[in-house]
Each structure stands twice: as structure tokens, then as C-alpha cells.
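Enquirer: Protein chains in written order, with this note's numbering: chain A, 390 to 660; chain B, 390 to 660.
The C-beta atom is built at its ideal place from N, Cα and C for all residues, glycine as well.
Got a structure for you, questions after.
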């Protein structure tokens with residue numbers, strides 16, 4: 390195959406299969422090309438990926454050597470994305486009764502959720518993560534976006550058991566803001582014991598929901614390696630029950646009367 | 390920029406921005422290249438995309454002419470994917486009490502949901518669709534996958550109203566299989582009146598949930614242009630309340646005692 394065609398095909402392969410390791414002979418077979426030509430192809434692709442801040446190709450040498458694509462935003466690109474998000478969220482028409490913020494348009498846009506996922510995946514790229522865990526409903530799209538870049542599966546904690554998933558483990562927890570007792574359920578079959586877990590959710594106030602997930606995950610002997618929330622609300626620090634987490638934005642002030650919202654960068658930018 | 394670098398960059402652009410129309414001068418600016426060179430680049434990319442059955446580049450000429458990438462599986466590739474899915478689903482260890490089938494591993498795999506989304510997006514590519522609608526929880530990942538290929542947003546119908554989304558419209562409906570009365574809710578703000586809608590869900594038996602969604606969508610004067618379900622269960626035809634839909638697989642027989650599952654291709658293959 391000609392170099393120009395190979396470059397298009399290889400670029401597609403890497404983008405569709407992030408983190409999947411392949412040995413050079415695999416590509417040499419597919420494209421009927423020499424390893425040296427392929428090696429040059431990979432240099433070109435790596436150069437463009439790095440310049441466009443899409444991540445890089447990680448190459449290993451030796452008998453089982455090969456290549457895989459690590460999708461990773463640069464810190465600068467992530468921070469730039471967070472600034473754009475802040476501007477969008479500060480739109481006063483988002484204010485809902487109760488001081489909540491309408492975010493469903495952003496969470497409903499596959500392009501936006503994909504970029505948010507890419508920021509989290511970049512932040513957690515060095516952690517050994519086996520699975521992304523989220524709770525129904527609004528964090529699900531973000532969880533899949535992160536998972537697609539880290540090449541791991543998604544497990545969804547539900548608030549209601551469903552007959553169609555077999556036996557499950559459930560816990561009760563106290564919701565941080567409403568102080569109500571709620572239930573969380575995870576099918577036994579959905580998570581291997583001792584898995585390394587990354588929790589993703591759209592919003593965190595006092596952190597009751599995330600604490601509930603952590604407690605539920607303890608029943609599976611899971612190791613929570615990372616916690617990512619899109620937006621955190623400014624809360625009394627003494628009320629906050631979750632300490633180690635990464636937030637992209639922090640909503641510090643929602644003034645319904647004056648129709649004013651203040652959104653700051655989350656603790657991601659302190660990393 | 391050199392052709393080889395341009396090809397990598399352009400391939401990434403098209404894959405990340407399906408259906409987004411751009412005029413050639415846009416690319417000429419970005420890459421500081423002549424339109425004729427770019428035109429050759431697009432020929433190469435289109436050739437590879439078509440050969441690998443990833444879809445094609447749609448080019449328009451004239452003053453506002455340009456190019457966009459239409460991601461589309463060929464019919465053969467879709468059917469091949471459905472056959473693999475059938476094999477996976479026929480694994481007897483999937484049988485759950487009540488004759489249900491465990492599918493959360495497939496629905497939890499971002500790579501699998503993406504491919505399922507690509508099959509639906511290919512099937513509905515010629516329909517004028519403005520938005521994908523699904524109901525919480527299990528269809529959500531599929532809905533986002535379809536939406537990402539059709540470049541439209543996702544709206545999630547909930548079974549419980551949430552305070553954080555503002556005023557909403559709700560309906561009661563009768564679940565087809567359990568004959569229980571249930572509620573469905575959609576925030577007013579989430580859907581424009583008169584939108585062209587594609588409904589996506591993971592599973593359909595008698596079709597009560599989908600009928601509920603159709604009724605709820607009538608309140609928004611939406612036009613349901615397409616309905617896609619991953620798996621349908623063989624049901625008495627007279628019980629079925631939804632007539633026009635596309636299913637990828639059809640579960641015809643789940644024999645708990647003999648540990649036997651029979652999965653056939655859905656009506657997608659009759660198209």
C-alpha cells in the first residue's frame with residue numbers, strides 16, 4: 390500500500406483503538422509494507438498528534454515491541470477547554486429554581502461530553518484504572534467518554550434494582566444535601582473483586598452520592614484510584630465528605646435574584 | 390504543510406467531526422496549501438474510508454462548496470457485526486432468572502456501544518434527525534453513540550422528575566410486560582417543539598416503554614422519524630404496540646432449564 394493511504398488508515402486505527410498495543414509485524418502484514426516504512430509512518434503520525442495536542446504514539450522496542458496511541462490533552466489545552474466551559478456555564482439563563490444550574494444541553498452534546506472525557510482521561514492517564522464507575526443518570530455520558538479514551542469498560546450504579554441484571558449488592562446512604570436515606574445497587578456480576586476504579590459524575594455538592602459509591606465499591610473490594618466530577622458546588626468545607634477528587638469547574642455563587650452565576654476553575658487547574 | 394502531515398491531520402478532523410461541513414478555503418487556510426493539493430488529499434482519504442467501509446467524504450462544488458464526512462457502515466459490514474453480536478448473546482451463562490439476558494458487559498463496553506451506534510447511524514443516515522431520545526438507563530450509551538455519528542444532541546427521558554432540570558412534562562403509561570402504570574418525564578427546556586426525533590433503546594418486548602416515549606414526545610409536537618432497539622424479544626405479535634422500528638437482534642427463545650438461548654438477526658437485515 391502507498392504511504393499516503395497507509396497514513397490515513399493508520400491514523401484511523403489509532404484514533405479508533407486508543408491504548409491498544411500492536412506489534413509492528415501486525416501492521417507490516419496488514420499493509421504489506423516493510424517495518425522501516427511503517428516506522429517512518431509512525432514518526433509522521435506521532436509528530437502530527439503531538440503538534441495538534443491529541444496525545445502521542447508510545448513505542449516499545451525489542452522482541453515484543455510495538456506501538457500504541459495514548460490520547461492525552463496537554464495541560465494547556467485542558468485549561469483552555471475549562472475556560473470555555475466556564476464562560477458557557479456563567480450564562481444567567483441557566484439558573485433554575487432552587488439555585489441549580491441547567492447543564493443538560495452540555496451533557497447532551499456528544500462532542501462536549503467527549504472533550505470533557507478527554508480532559509479527565511488525560512488527568513488520570515498515569516493511574517492503573519480497570520473500570521469507570523458512575524451513577525445513573527447524568528454522569529453516564531461522561532463516564533463512557535472517559536472510558537473510551539482509557540480503553541476500559543463502564544459500570545453503572547443504579548438507584549433502583551432491576552430484575553434484568555441478576556443478583557446485586559445494595560447499600561443505603563445519606564444524601565449530603567437533602568439528608569434523605571437513599572439506596573444504591575450494583576449487580577454482582579458487573580465488577581470483579583479488587584478492581585481499580587475511577588468514579589465519574591457530573592456534579593458534587595457535599596459529596597454524599599460519591600461517598601455512597603465508595604461505600605458500595607468497598608463491598609466489591611475495589612480500589613478507588615481516581616474521582617472526577619465535572620462541576621462541584623461551593624460547599625462548607627466541613628460538610629464535604631469526599632476529599633480526594635478532581636473537578637473541572639467550581640460553581641461558587643448562584644444568585645437567583647440578581648440573575649448572576651460565578652463559575653471558577655475546579656481543582657484540576659491546581660494539579 | 391507536507392501532504393503526509395496534512396493527511397494525518399485531515400483524517401483526524403473528519404473522524405472527530407462527522408457530518409460537519411467545511412469549505413475548502415477553510416482547510417487551505419489552516420494548512421497553507423493550494424486547493425488542488427487539498428482536493429487530492431480528499432481523494433486519498435475518501436478512497437481509504439470507502440475501502441475500509443468507514444463511510445465517505447461528500448463533496449459539493451460551487452461557491453459554497455466544500456466537504457463533509459458521512460460515517461456509514463456498508464450493509465455487509467453491519468450484518469457481519471450483527472452476526473458477531475448474536476454469537477456473543479447466545480452464550481448460556483447470560484441467562485438470568487425470569488428468562489432475562491445479561492447484556493451489561495456489551496452495553497458497558499465503549500467500543501461495542503460505538504459500533505452498535507455506527508450500525509444505527511448508518512441505517513438512519515438518510516432521515517432528517519435533529520435529536521436522539523432515549524430513556525434512562527441502559528440505552529443511554531447507545532443513544533450517545535448514534536448521536537456522535539449523526540452529529541446531533543441526546544435527550545434523556547427519566548422515570549423520576551429531578552429538581553435540577555426545571556419545569557417538565559410528564560405522562561403516565563402502562564408498561565407492556567408488567568402492566569404497571571409508570572411515569573416518564575422530560576424537562577420542557579430539553580426539546581424544541583416540532584423536532585425530528587430518533588428513539589434509541591437497548592431492549593423492547595411488547596413495546597410499552599417506547600409507546601410511552603412516543604406519547605411523551607407528542608406533547609412536544611415531535612416527529613418520530615426512526616426507532617432503533619438493540620434487541621427485541623419475541624412477543625405475541627398482537628401484543629406488540631410499536632410497529633415501525635429497527636432491531637439488530639431478536640431473542641426468540643430463552644430456555645432456563647436447558648440453558649439454551651436462541652438469537653436471530655433483527656428486522657435490520659430485512660431492510
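I'd like to know whether the C-beta of residue 646 of chain B is nearer than 8 Å to at least one C-beta of chain A.
Expert: Position 257 of the second chain, counted from the first residue, corresponds to residue 646 of chain B. At a cut-off of 8 Å between C-beta atoms, residue 646 of chain B does not count as an interface residue with respect to chain A.
Enquirer: Short of 8 Å Cβ to Cβ, which residues in the region 598-609 of chain A face chain B?
Expert: none
Enquirer: Step through the CB atoms of chain B and report whether any lies within less than 8 Å of the CB of residue 398 of chain A.
Expert: For this step, residue 398 of chain A is matched to residue 9 along the first chain. Closer than 8 Å: yes.
Enquirer: Check whether the region 579-592 of chain A touches the region 515-532 of chain A, counting contact only when three or more Cβ pairs, one atom from each stretch, lie closer than 8 Å.
Expert: yes
Enquirer: Starting from the C-beta of residue 470 of chain B, find all residues in its chain whose C-beta is less than 7 Å away, skip the five residues before and the five after it, and write them out in chain order.
Expert: Looking up residue 470 of chain B in the second chain gives position 81. Residues of the same chain with a CB within less than 7 Å of the CB of residue 470 of chain B, apart from the 5 flanking positions on each side, are 504 and 508 in chain order.
Enquirer: Classify residue 559 of chain A as helix, strand or coil using the three-state DSSP reduction.
Expert: Mapped onto the first chain, residue 559 of chain A falls at position 170. The answer is strand: DSSP assigns residue 559 of chain A an E or B state.
Enquirer: Enumerated in chain order, which unbroken segments of the beta strand (DSSP E) with a length of 3 residues or greater are wholly contained in the region 506-588 of chain A?
Expert: 520-524, 543-546, 557-563 and 570-576
Enquirer: Is residue 547 of chain A close to chain B, meaning its C-beta is less than 8 Å from at least one C-beta of that chain?
Expert: As a working note, residue 547 of chain A is residue 158 in the first chain. Cβ-Cβ to chain B under 8 Å: yes for residue 547 of chain A.
Enquirer: In whole angstroms, what separates the C-alpha of residue 434 of chain B from that of residue 518 of chain A?
Expert: On the second chain, position 45 is the one that residue 434 of chain B refers to. On the first chain, position 129 is the one that residue 518 of chain A refers to. The alpha-carbon separation between residue 434 of chain B and residue 518 of chain A amounts to approximately 35 Å.
Enquirer: If you measure beta-carbon to beta-carbon, which residues of the region 453-486 of chain B are closer than 9 Å to chain A?
Expert: 485 and 486
Enquirer: With a threshold of 8 Å on Cβ separation, who are the neighbours of residue 548 of chain A within its own chain once the five nearest residues in sequence on each side are excluded?
Expert: Along the first chain, one-based indexing puts residue 548 of chain A at 159. Cβ neighbours of residue 548 of chain A beyond the five flanking positions: 524, 525, 571, 572, 573 and 574.
Enquirer: Three-state secondary structure (DSSP) at residue 602 of chain B?
Expert: Along the second chain, one-based indexing puts residue 602 of chain B at 213. Three-state result, residue 602 of chain B: helix.
Enquirer: For chain B, is any of its Cβ atoms less than 8 Å away from the one on residue 619 of chain A?
Expert: On the first chain, position 230 is the one that residue 619 of chain A refers to. The beta-carbon of residue 619 of chain A is placed no less than 8 Å from the nearest beta-carbon of chain B.
Enquirer: On a CA-only basis, which of A:483, A:478, A:487 and A:513 is nearest residue 501 of chain A? Give me that one, please.
Expert: Residue mapping note: residue 501 of chain A aligns to position 112 of the first chain, counting from 1. Ranking the options by Cα distance to residue 501 of chain A, first place goes to A:478.
Enquirer: Interface residues of chain A around residue 519 of chain B at Cβ under 9 Å?
Expert: Against the second chain, residue 519 of chain B aligns to sequence position 130. Those do not exist, as residue 519 of chain B stays about 12 Å from chain A at its closest Cβ, beyond 9 Å.
Enquirer: Using a Cβ-Cβ cutoff of less than 8 Å, which residues in the same chain neighbour residue 446 of chain B once the five nearest sequence positions on both sides are dropped?
Expert: Translated into the one-based positions of the second chain, residue 446 of chain B becomes position 57. Counting only Cβ-Cβ distances below 8 Å, and skipping sequence neighbours, we find 403, 431, 434, 435, 438, 456, 457, 458 and 459.
Enquirer: Can you look up residue 609 of chain B in the DSSP assignment and give me helix, strand or coil?
Expert: Taking the second chain and counting its residues from 1, one reaches residue 609 of chain B at position 220. Residue state, collapsed to three classes: coil.
Enquirer: Looking at the secondary structure, which residues open and close the beta strand (DSSP E) in which residue 460 of chain A lies?
Expert: Taking the first residue of the first chain as 1, we reach residue 460 of chain A at position 71. Note, residue 460 of chain A: beta strand (DSSP E), 455-460.
Enquirer: Determine the direct distance from the alpha carbon of residue 536 of chain A to that of residue 513 of chain A, and round the result to whole angstroms.
Expert: Sequence index remark: in the first chain, residue 513 of chain A carries index 124 (1-based). Sequence index remark: in the first chain, residue 536 of chain A carries index 147 (1-based). Answer to the nearest angstrom: the Cα atoms are 11 Å apart.
Enquirer: In chain A, what lies closer than 8 Å to residue 502 of chain B by C-beta?
Expert: Locating residue 502 of chain B in the second chain gives position 113, where the first residue counts as 1. Residues of chain A passing the Cβ test: 533.
Enquirer: Give me whichever residues DSSP pairs with residue 635 of chain B in a beta bridge.
Expert: For this step, residue 635 of chain B is matched to residue 246 along the second chain. DSSP output for residue 635 of chain B lists B:617 as bridge partner(s).
Enquirer: Is residue 444 of chain B buried or exposed, if buried means 16 or more other CB atoms sit within 10 Å of its CB?
Expert: The count along the second chain starts at 1 and reaches residue 444 of chain B at position 55. Burial call: buried.
Enquirer: DSSP state of residue 435 of chain A, grouped into three classes?
Expert: Taking the first residue of the first chain as position 1, residue 435 of chain A is located at position 46. DSSP, read as helix, strand or coil, puts residue 435 of chain A in helix.
Enquirer: Given a cut-off of 8 Å on the beta-carbon distance, is the pair residue 541 of chain B and residue 596 of chain B in contact?
Expert: Against the second chain, residue 541 of chain B aligns to sequence position 152. Against the second chain, residue 596 of chain B aligns to sequence position 207. No.
Enquirer: Is the region 644-651 of chain B close to the region 478-495 of chain B, with three or more CB pairs under 8 Å?
Expert: Yes, the region 644-651 of chain B touches the region 478-495 of chain B.
Enquirer: Which two residues bound the contiguous beta strand (DSSP E) that contains residue 649 of chain A?
Expert: Taking the first residue of the first chain as position 1, residue 649 of chain A is located at position 260. 649-654 is the extent of the beta strand (DSSP E) around residue 649 of chain A.
Enquirer: Would you kindly check if the distance between the Cβ of residue 555 of chain B and the Cβ of residue 531 of chain B is under 8 Å?
Expert: Taking the second chain and counting its residues from 1, one reaches residue 531 of chain B at position 142. Taking the second chain and counting its residues from 1, one reaches residue 555 of chain B at position 166. No, these two residues do not count as a Cβ contact at 8 Å.
Enquirer: Mind checking the region 558-587 of chain A against chain B and listing, in chain order, the residues whose C-beta falls within less than 9 Å of any C-beta there?
Expert: Going along the region 558-587 of chain A in chain order, one finds 576, 578 and 579 with a Cβ nearer than 9 Å to chain B.
Enquirer: Hey, could you find the ends of the alpha helix (DSSP H) residue 473 of chain A is sitting in?
Expert: The count along the first chain starts at 1 and reaches residue 473 of chain A at position 84. Segment 464-478, the alpha helix (DSSP H) holding residue 473 of chain A.
Enquirer: Rounded to a whole number of angstroms, what is the C-alpha to C-alpha distance between residue 582 of chain B and residue 413 of chain A?
Expert: Translated into the one-based positions of the second chain, residue 582 of chain B becomes position 193. Translated into the one-based positions of the first chain, residue 413 of chain A becomes position 24. Each residue's Cα considered, the two are about 53 Å apart.
Enquirer: For residue 494 of chain A, which of helix, strand or coil comes out of DSSP?
Expert: Reading the first chain from its first residue, position 105 is the one you call residue 494 of chain A. Here DSSP, grouped into helix, strand and coil, assigns residue 494 of chain A to helix.
Enquirer: Whose Cβ in chain A lies nearer than 7 Å to the Cβ of residue 498 of chain B?
Expert: Here residue 498 of chain B is taken as the residue at index 109 of the second chain, counted from 1. The answer, in chain order, is 542.
Enquirer: For residue 444 of chain A, name the three-state secondary structure that DSSP assigns.
Expert: The residue you call residue 444 of chain A lines up with position 55 of the first chain. It is a strand residue.
Enquirer: If you count every other CB in all the chains shown that lies within 10 Å of the CB of residue 487 of chain B, and 16 or more means buried, which is it?
Expert: Working through the second chain from its first residue, we reach residue 487 of chain B at position 98. Result: exposed.
Enquirer: So the candidates are B:392, B:580 and B:510; which of them puts its Cα closest to the Cα of residue 408 of chain B?
Expert: Along the second chain, read from residue 1 onward, the residue named residue 408 of chain B stands at position 19. If we check each option's Cα against that of residue 408 of chain B, B:510 comes out closest.
Enquirer: If we define contact as Cβ-Cβ less than 8 Å, is residue 596 of chain B a contact residue for chain A?
Expert: By 1-based counting over the second chain, the position of residue 596 of chain B is 207. Judged by the 8 Å Cβ criterion, residue 596 of chain B is not in contact with chain A.
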